[in-house]
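Going by the working numbering, the sequence shown opens with residue 51, and the numbers climb by one from there.
Read the structure below first, then the notes.
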Amino acid sequence: MLDVTLMGGDVLLPSGLEKAHISLCDGMISDAPNKRRVNVAGFKVMPGIIDVHGDAFERHVAPRRGAMKDVGEGIRAAEAEMAANGITTGVLAQFISWEGGVRGPDFANQVFTAIRDTSTLTDLRAQLRFEFHLLDLYEALPQKVADWGLGYVVFNDHLPHDRLEAGKLPRQLTGQALRAGRSPEAHVALLTDLHARRNEVPDALVGLCAELADLGVRMGSHDDHTAADRETWMARGCEIAEFPETLEAAEAPGLVVSGAPNLVRGGSHKGNVSAVDVVLCQACDALASDYHYPSLRRAALFIAKTIGLPSAWDLVSAGPAKVLGLSDRGQIVPGSRADLVLLDADDRVAGTISGGRVTYLTGTLAERFLE
C-alpha cells in the first residue's frame, strides 16, 4: 500500500481541475504530506472510475465452451482489463436467466462464488441480473443472495412476449436452445410456460423485493419504457433504473444508469434513447461500461466537451458511488478511499490506484514511481 505524495499533477478536485499535491496514506487520501514523493507533472490525477454495471468480464470467465476450468482465473484476468481502463471499483453483472448456459443458475453460482472468494486489489462486486419470470426460483433466491454476499440485484424481462402471445416461435430458437443445453421443443415449452404465468409475477415480485430489501440489497429495474414502469418499480423498492429505453422513463424518479458505449456511439444500437440526450437533460446519474470497459473513460472525456470535465467525470466517479451507496469514494478529498486514475497528455490511462494499491502502471509514469 502506497504512502506517497503525488506532486505537481493537474488534480480533479470537487472545485475543478487544479495544480495540487495529493497524499496517500494507509489506503486513504490524506491532508498530511509524506516523505516519499513522486513527480506526476504532466498527468491528470482523476478520481478512480467506478463501473456500476459491466458484463465484459464474460469473455474472460467463459471464452469458449469448457475452456475455463477455474473461474477465479477469469476474474483476475478481467480485473487486469478493468485496471488498465482506470476502473478502481467494478460491478460484475451476472445473469440468472431462462437463457441457460453462461446465463443459467449453475454458471451464476460459479461466478458469484468466484467473485466472493477471489482476492483482488480492485474492489470487485457482483450484481445479479434476474429474469423475473423465473417464479420457481423465488423461494430460494434471498438465501442464495445472502450466501453469495450480493448487495445489488436488477430485474430483467427478456422473454419474447409478443411472439409467444401470437403463437410464434422465438427468433433464433435453435441457437438459444443449444446454448441453454435444451432441445428446441423443451426450450419453447419453458418459454411458453413462463409467459403463461406472467399474471402471477407482479404480486410475487412484491414479496421477493421486500425480502431482498430486508437483506439490505440495492435493487433496480432494467430497460424501463415509461414513467409508469418506473413508478411501479419504485413502489417495489427498486430505486435504480438501468438503461431506460426512453427519455420519459429516464426523467421519472430514481437513480438513472446509462450506457457509456451508447454515449460514445451517439445512440443506442437498439434504437432506444441516446445516452447523450439523457445526460444533456440532466437525467443521468451514472454511466456504466455495459459491455466495453474503455468506453467509460472515453464517454466522460467526450461529453466533457459539452458539460465540462468536472460534471462529465462525476458520471463515472461520484455518480456511480451514489448509485451504489458508497460514500467513501468518487471524489478526491481527505478521508476518502485512495482510488485514482492518472491520465497522460493524450488522456490515456497511465496509472490506476485502487485503495492505495497500484493496479496498473505504465510508461513514463512507471519510470517516475521507480526512481
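Every residue gets a Cβ at the ideal spot worked out from N, C-alpha and C, and that includes glycine.
These numbers come from a predicted model, not from an experiment.
Distance, Cα to Cα, Val61 vs Ala395?
For the purposes of this step, residue 61 is taken as residue 11 along the sequence shown, with counting starting at 1. For the purposes of this step, residue 395 is taken as residue 345 along the sequence shown, with counting starting at 1. The alpha-carbon atoms of Val61 and Ala395 are separated by roughly 13 angstroms.
Between which residues of its own chain and Leu393 is the CB-CB distance below 6 angstroms, once the five residues before and five after are set aside?
Numbered from 1 along the sequence shown, position 343 holds the residue referred to as residue 393. Within the same chain, Leu393 has close Cβ partners Lys94.
As a quick exercise: from Thr409, Leu313 and Ala299, pick the residue whose alpha carbon is nearest that of Ile137.
Numbered from 1 along the sequence shown, position 87 holds the residue referred to as residue 137. Nearest of Thr409, Leu313 and Ala299 to Ile137, Cα basis: Thr409.
Can you list, in chain order, the residues of its chain with a C-beta nearer than 7 angstroms to that of Glu301? Leave out the 5 residues immediately preceding and following it.
Stepping through the sequence shown from its first residue, residue 301 is reached at position 251. Cβ within range, chain order: Cys331 and Ala333.
Taking 7 angstroms as the threshold (C-beta atoms), are His183 and Val251 in contact?
As a first step, residue 251 must be located in the sequence shown, where it is residue number 201. As a first step, residue 183 must be located in the sequence shown, where it is residue number 133. Closer than 7 angstroms, so yes.
Anyone know if the C-beta pair for Pro370 and Ile100 falls short of 7 angstroms?
Here residue 370 refers to the residue found at position 320 when the sequence shown is read from its first residue. Here residue 100 refers to the residue found at position 50 when the sequence shown is read from its first residue. Yes, these two residues count as a Cβ contact at 7 angstroms.
With His38 as the anchor, note down where its beta strand (DSSP E) starts and where it stops.
Because the chain spans 51 through 421 in this model, residue 38 falls outside it and cannot be assessed.
Looking at Val161: is its Cβ nearer than 7 angstroms to the Cβ of Gln177?
Looking up residue 161 in the sequence shown gives position 111. Looking up residue 177 in the sequence shown gives position 127. No. Outside cutoff.
Among Trp148, Leu297 and Ala338, nearest to Asn206 - alpha-carbon criterion:
Residue 206 sits at position 156 when you count from the first residue of the sequence shown. Nearest C-alpha to Asn206: Trp148.
Given Phe293 as reference, the closest of Ala285, Gly287, Arg280 and Arg286 once Cα atoms are compared:
Taking the first residue of the sequence shown as 1, we reach residue 293 at position 243. Here the closest residue by C-alpha is Arg280.
Member of Arg153, Arg87, Ala82 and Arg175 whose CA lies at the smallest distance from the CA of Ile125
To locate residue 125, count along the sequence shown from 1; it is residue 75. Among Arg153, Arg87, Ala82 and Arg175, the Cα nearest to that of Ile125 is on Arg175.
CB-CB under 6 angstroms to Pro234, same chain, minus the five flanking residues each way: which ones, in chain order?
Translated into positions along the sequence shown, residue 234 becomes position 184. Once the five neighbours on either side are set aside, the close Cβ partners of Pro234 are Leu223, Thr224 and Ala227.
Can you pull the DSSP bridge partners for Tyr410?
Here residue 410 refers to the residue found at position 360 of the sequence shown. In the DSSP output, where bridge partners are listed per residue, Tyr410 has Thr402.
Write down every uninterrupted run of the alpha helix (DSSP H) in the segment 309-393 whose length is 4 residues or greater and which is fully enclosed by it, in chain order.
310-315, 325-330, 345-357, 359-364 and 368-374
Please go through the same chain and pick out, in chain order, the residues whose beta-carbon is closer than 6 angstroms to the beta-carbon of Ala457, but skip the five residues on each side of it.
Look at the range of the chain in this structure, 51 to 421, and you will see that residue 457 is not part of it.
What do you reckon, are the CB atoms on Gly151 and Ala91 nearer than 7 angstroms?
On the sequence shown, position 101 is the one that residue 151 refers to. On the sequence shown, position 41 is the one that residue 91 refers to. No, the pair does not count as a contact, with Cβ atoms beyond the cut-off.
Return helix, strand or coil for His211, following the three-state DSSP convention.
Position 161 of the sequence shown, counted from the start, is the residue given in the question as residue 211. Helix, per DSSP.
Could you work out which residue in Pro303, Leu52, Asp156 and Pro64 is closest to Leu74 when comparing CA atoms only?
Taking the sequence shown and counting its residues from 1, one reaches residue 74 at position 24. Among Pro303, Leu52, Asp156 and Pro64, the Cα nearest to that of Leu74 is on Leu52.
Helix, strand or coil for Asn159 per DSSP?
As a position in the sequence shown, residue 159 is number 109, starting the count at 1. Correct three-state label for Asn159: helix.
Where Asn206 falls: helix, strand or coil (DSSP)
On the sequence shown, position 156 is the one that residue 206 refers to. DSSP places Asn206 in strand when its eight states are reduced to three.
Among Asp167, Arg398, Val329 and Thr296, whose alpha-carbon lies nearest the alpha-carbon of Thr414?
Counted from its first residue, the sequence shown places residue 414 at position 364. Nearest C-alpha to Thr414: Arg398.
C-alpha distance - Lys372 paired with Lys218, whole-angstrom precision:
Position 322 of the sequence shown holds residue 372. Position 168 of the sequence shown holds residue 218. The alpha-carbon atoms of Lys372 and Lys218 are separated by roughly 43 angstroms.
For my contact list, Gly37 and Gly77 are in at a C-beta cut-off of 8 angstroms; report their separation, rounded to the angstrom.
Residue 37 lies beyond the range of the chain shown here (51 to 421); nothing can be said about it.
Check whether the Cβ atoms of Ala49 and Val102 sit closer than 7 angstroms, and answer yes or no.
Because the chain is modelled from 51 through 421, residue 49 falls outside the range shown and cannot be assessed.
Where does Leu420 land, buried or exposed, given buried means 16+ other C-beta within 10 angstroms?
Here residue 420 corresponds to residue number 370 of the sequence shown, with the count starting at 1. Leu420 should be labelled exposed.
Sorted by chain position, which residues of the same chain lie with C-beta nearer than 6 angstroms to Ala263's C-beta, five sequence neighbours on each side aside?
Mapped onto the sequence shown, residue 263 falls at position 213. For Ala263, where only same-chain residues beyond five positions count, the Cβ hits under 6 angstroms are Gly287.
What are the boundary residues of the alpha helix (DSSP H) that includes Glu129?
Here residue 129 is taken as the residue at index 79 of the sequence shown, counted from 1. Glu129 -> alpha helix (DSSP H) spans Val121 to Ala134.
Beta-carbon separation (whole angstroms), Leu191 vs Leu214, contact threshold 8 angstroms
Working through the sequence shown from its first residue, we reach residue 191 at position 141. Working through the sequence shown from its first residue, we reach residue 214 at position 164. About 24 angstroms separates the two Cβ atoms, so there is no contact after all.
Tell me the DSSP secondary structure of Lys194 in three-state form.
What you label residue 194 is simply residue 144 of the sequence shown in a count that begins at 1. Helix.
Just to confirm my understanding: we take Asp274, look at its own chain, exclude 5 residues before and 5 after, and list those with CB closer than 6 angstroms. What are they?
For the purposes of this step, residue 274 is taken as residue 224 along the sequence shown, with counting starting at 1. So the qualifying residues of the chain are Arg280, Ala291, Pro294 and Ala299.
Contact defined as beta carbons within less than 8 angstroms: I believe Ala128 pairs with Phe107. What is the distance between those atoms, to the nearest angstrom?
Start at 1 with the first residue of the sequence shown, and residue 128 comes out as number 78. Start at 1 with the first residue of the sequence shown, and residue 107 comes out as number 57. The pair is a contact, with the Cβ atoms about 4 angstroms apart (cut-off 8 angstroms).
Give me whichever residues DSSP pairs with Ala143 in a beta bridge.
Against the sequence shown, residue 143 aligns to sequence position 93. Ala143 pairs with Gln177.
Contacts around Asp81, its chain only, beta-carbon distance under 8 angstroms, and the 5 residues preceding and following it disregarded:
By 1-based counting over the sequence shown, the position of residue 81 is 31. Closer than 8 angstroms at the Cβ level, and outside the excluded window around Asp81, lie Ser73 and Pro384.
Pull up the CB-CB distance for Thr431 and Val323, whole angstroms please, since I reckon it's below 8 angstroms.
No answer is possible for residue 431: it lies beyond the span of the chain, which begins at 51 and ends at 421.
Could you tell me whether the Cβ atoms of Leu185 and Ala260 are closer together than 7 angstroms?
If you number the sequence shown from 1, residue 185 lands on position 135. If you number the sequence shown from 1, residue 260 lands on position 210. No.
How about Val195 and Met269: are their beta carbons less than 7 angstroms apart?
The residue you call residue 195 lines up with position 145 of the sequence shown. The residue you call residue 269 lines up with position 219 of the sequence shown. No, these two residues do not count as a Cβ contact at 7 angstroms.
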